[in-house]
Amino acid sequence: MKYCIIVLNSVTSAKRIEKTALKEGMLCQIIHTPKVISKFGCSHSVRVEERHYKRIMEIVNNMDVKYQGIYSELCEKGECRYKELRL
Amino acid sequence: MIYFDNAATTMIKPQQVYSEILDVMLHKGGNPGRGGHLMADRASDVIYKARENLCELFNINSPENICFTNNATTALNYGIKGVLKDNDHVIISAFEHNSVLRPVCALEDKGVTYTVLPSTPEGVFDNIENYIRENTKLIVINHSSNVTGNIADIGEIGRIARKHGIIFMVDASQSAGHIDIDMERDNIDILACAGHKGLFGPQGTGLLYVREGIKLSTLVEGGTGSMSESIYQPEYLPDRFESGTLNTPGIGGLSKGIEFVISKKERIRQHEKKLTKMLVDGLSSLPFVTVYGNKNPEKMTAVVGFNIKDRDCVCVTNYLSDKYKIMLRGGLHCSVLAHKTLKTSDCGCVRASLSYFNTENEVNKFLNIIDRDFKM
Numbered sequence: 001m002k003y004c005i006i007v008l009n010s011v012t013s014a015k016r017i018e019k020t021a022l023k024e025g026m027l028c029q030i031i032h033t034p035k036v037i038s039k040f041g042c043s044h045s046v047r048v049e050e051r052h053y054k055r056i057m058e059i060v061n062n063m064d065v066k067y068q069g070i071y072s073e074l075c076e077k078g079e080c081r082y083k084e085l086r087l
Numbered sequence: 088m089i090y091f092d093n094a095a096t097t098m099i100k101p102q103q104v105y106s107e108i109l110d111v112m113l114h115k116g117g118n119p120g121r122g123g124h125l126m127a128d129r130a131s132d133v134i135y136k137a138r139e140n141l142c143e144l145f146n147i148n149s150p151e152n153i154c155f156t157n158n159a160t161t162a163l164n165y166g167i168k169g170v171l172k173d174n175d176h177v178i179i180s181a182f183e184h185n186s187v188l189r190p191v192c193a194l195e196d197k198g199v200t201y202t203v204l205p206s207t208p209e210g211v212f213d214n215i216e217n218y219i220r221e222n223t224k225l226i227v228i229n230h231s232s233n234v235t236g237n238i239a240d241i242g243e244i245g246r247i248a249r250k251h252g253i254i255f256m257v258d259a260s261q262s263a264g265h266i267d268i269d270m271e272r273d274n275i276d277i278l279a280c281a282g283h284k285g286l287f288g289p290q291g292t293g294l295l296y297v298r299e300g301i302k303l304s305t306l307v308e309g310g311t312g313s314m315s316e317s318i319y320q321p322e323y324l325p326d327r328f329e330s331g332t333l334n335t336p337g338i339g340g341l342s343k344g345i346e347f348v349i350s351k352k353e354r355i356r357q358h359e360k361k362l363t364k365m366l367v368d369g370l371s372s373l374p375f376v377t378v379y380g381n382k383n384p385e386k387m388t389a390v391v392g393f394n395i396k397d398r399d400c401v402c403v404t405n406y407l408s409d410k411y412k413i414m415l416r417g418g419l420h421c422s423v424l425a426h427k428t429l430k431t432s433d434c435g436c437v438r439a440s441l442s443y444f445n446t447e448n449e450v451n452k453f454l455n456i457i458d459r460d461f462k463m
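So the protein lines, in turn, are chains A and B. Be aware that the first sequence starts at 1, since it is given in the working numbering, and climbs by one per residue. Be aware that the second sequence starts at 88, since it is given in the working numbering, and climbs by one per residue.
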């Protein structure tokens, strides 16, 4: 399954987005951002199924939360590939 | 035992506070914001829930703007020293605690000047507009005095501060959990308070709220679990003021305390007002007792400062503790300015401070003992 990863500045912002997404019934998870897509070192990201991409970005923008980047994630047997998404 | 030292710390907490602290330690004991495993995530949930509860209690829009600290003093230092720069001017009230006065005075060598807004002993301030200068950057007001319980009109002062473009900071250490605070209605830009008093958290908890758009310089820098490649402290909140591992069990307990306050907000105020009236009326009726402050339960929190004629205040509290296990605090209560205003700098006073968990029976018993043992 393909996922969308939103890389955030703080775990607090990630939690804020996660809570709202869960309330809307989206399966959502906070992950420690993989090093390869973390621009400034450690950070936390929100991971949702890619089909929720549009809605999750609406939530992020409505909250005026700053993010470092948005990526699509495709994992097979623990090996993940990331592609930056442009809004 | 009768515990009347709730202004120092509420010793009796709602049961769920104790349970949550243990539950966090046993089942959610990862390091919040560090790593991404299940236990770290559970710990982050505990912290985030506490932020959400504070948002509800104080009408705060964004959980990111709440930073957890070890206590109110740390939060006050972050706010005061984060705002004031060389040659700025600050107005503080005549009832400020030393946790405001001392950080302000420590900035004197940077050319920071301060004015103490005069007040009557009853807590009626001079017109603050007369004390505003061109370089006034900050106003700091103690919402409720830890000596008299006098409540300051922060709504009016906040309105004036906003009108003049001055940052308005409130020390809510003695008011949070006892009386209503609304960041928007009261135009509060920065709020500092303890978590272990009226909010019923454990000791070692405090918080700082900073309104969006106000940039504070830091006092402490370090690891935040974020932006680790940067050699500089993050600019964004709450990470900017939350270096190092947070007190997750304590904040979990605080969160439950806040939920308790939210669920009983009006009942807490009504109960405390009733006990305060009993205490103030009872003490005031004794000719050998002097009660300080405005003595009007509508305009004070449940803190009553008083003295017994010809008795040393600390000797009185020692006697009551030793003989009856009644816990009060005597002395200056780290509030030299308040005692100056009350003209009690030489003698200090006895302070009885109540909480939701005190009872009418306790107040009656206390009054009977004071009458019987100290009657002239």
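All C-beta atoms in this analysis are idealised placements derived from N, C-alpha and C, irrespective of residue type, glycine included.
Check whether residue i and residue j have beta carbons under 8 Å apart
i       : j       : result
G120(B) : V11(A)  : yes
G41(A)  : S317(B) : yes
T292(B) : G337(B) : yes
M88(B)  : K412(B) : yes
A94(B)  : N233(B) : yes
K136(B) : S342(B) : yes
F287(B) : P150(B) : no
F255(B) : G245(B) : yes
Y105(B) : M98(B)  : no
S131(B) : K15(A)  : yes
V211(B) : D175(B) : no
I31(A)  : G123(B) : yes
G418(B) : C400(B) : yes
G380(B) : N229(B) : no
S162(B) : A279(B) : It should be noted that the sequence gives Ala, not Ser, for residue 162(B). Yes.
F444(B) : Q103(B) : no
L424(B) : L188(B) : yes
I247(B) : E216(B) : yes
E308(B) : F155(B) : no
G369(B) : L454(B) : yes
K168(B) : L306(B) : yes
H420(B) : E359(B) : no
I253(B) : G166(B) : no
Spatial distance of residue i from residue j (CA atoms)
i       : j       : result
E183(B) : T202(B) : 12 Å
T335(B) : K284(B) : 18 Å
A439(B) : S422(B) : 15 Å
I37(A)  : K2(A)   : 16 Å
C80(A)  : L144(B) : 42 Å
V133(B) : D110(B) : 11 Å
P384(B) : E299(B) : 35 Å
K462(B) : V378(B) : 16 Å
P205(B) : Q261(B) : 20 Å
N148(B) : K452(B) : 45 Å
Y296(B) : N152(B) : 6 Å
L373(B) : D458(B) : 7 Å
E84(A)  : V65(A)  : 18 Å
I301(B) : L415(B) : 39 Å
K250(B) : I219(B) : 12 Å
R46(A)  : Q320(B) : Here residue 46(A) turns out to be Val, not Arg, going by the sequence shown. Approximately 23 Å between the Cα atoms of the pair.
G78(A)  : K39(A)  : 22 Å
H141(B) : I355(B) : For clarity, residue 141(B) is Leu in the given sequence; the question names His instead. In a straight line, the C-alpha of L141(B) is about 17 Å away from that of I355(B).
K197(B) : D240(B) : 31 Å
L194(B) : N157(B) : 22 Å
N61(A)  : E50(A)  : 17 Å
T235(B) : T431(B) : 12 Å
P325(B) : I6(A)   : 19 Å
Cβ-Cβ separation, residue j to residue i (assumed contact under 8 Å), whole Å
i       : j       : result
S186(B) : A159(B) : 6 Å
C4(A)   : I59(A)  : Going by Cβ atoms, the distance from C4(A) to I59(A) rounds to 12 Å, so no, they are not a contact pair.
L8(A)   : H44(A)  : 6 Å
I178(B) : I226(B) : 5 Å
E107(B) : G339(B) : 5 Å
K224(B) : V170(B) : 6 Å
E73(A)  : Y82(A)  : 6 Å
V367(B) : V391(B) : 6 Å
V450(B) : T404(B) : That belief does not hold up - the Cβ atoms of V450(B) and T404(B) are roughly 17 Å apart, past 8 Å.
K364(B) : S371(B) : K364(B) to S371(B), Cβ: 10 Å. No contact.
Beta bridge counterpart(s) of residue i as assigned by DSSP
i       : result
H468(B) : This structure leaves residue 468(B) out entirely; chain B is present only between 88 and 463.
V307(B) : The partner list for V307(B) (beta bridge, DSSP) is empty, contrary to what the question assumes.
M414(B) : Y90(B)
T156(B) : G293(B)
K83(A)  : S72(A)
I395(B) : V376(B)
Partners in chain E for residue i, counting only beta-carbon separations shorter than 8 Å
i       : result
M314(B) : The structure shown contains no chain E; the protein chains it does contain are A and B.
Runs of beta strand (DSSP E) wholly within the region 242–276 of chain B (minimum 3 residues, chain order) | 254–258
Whole runs of the alpha helix (DSSP H) within the region 2–45 of chain A, excluding any shorter than 4 residues | 11–23
Mind listing, in chain order, the continuous beta strand (DSSP E) runs of no fewer than 3 residues lying wholly within the region 341–390 of chain B?
-> 376–378
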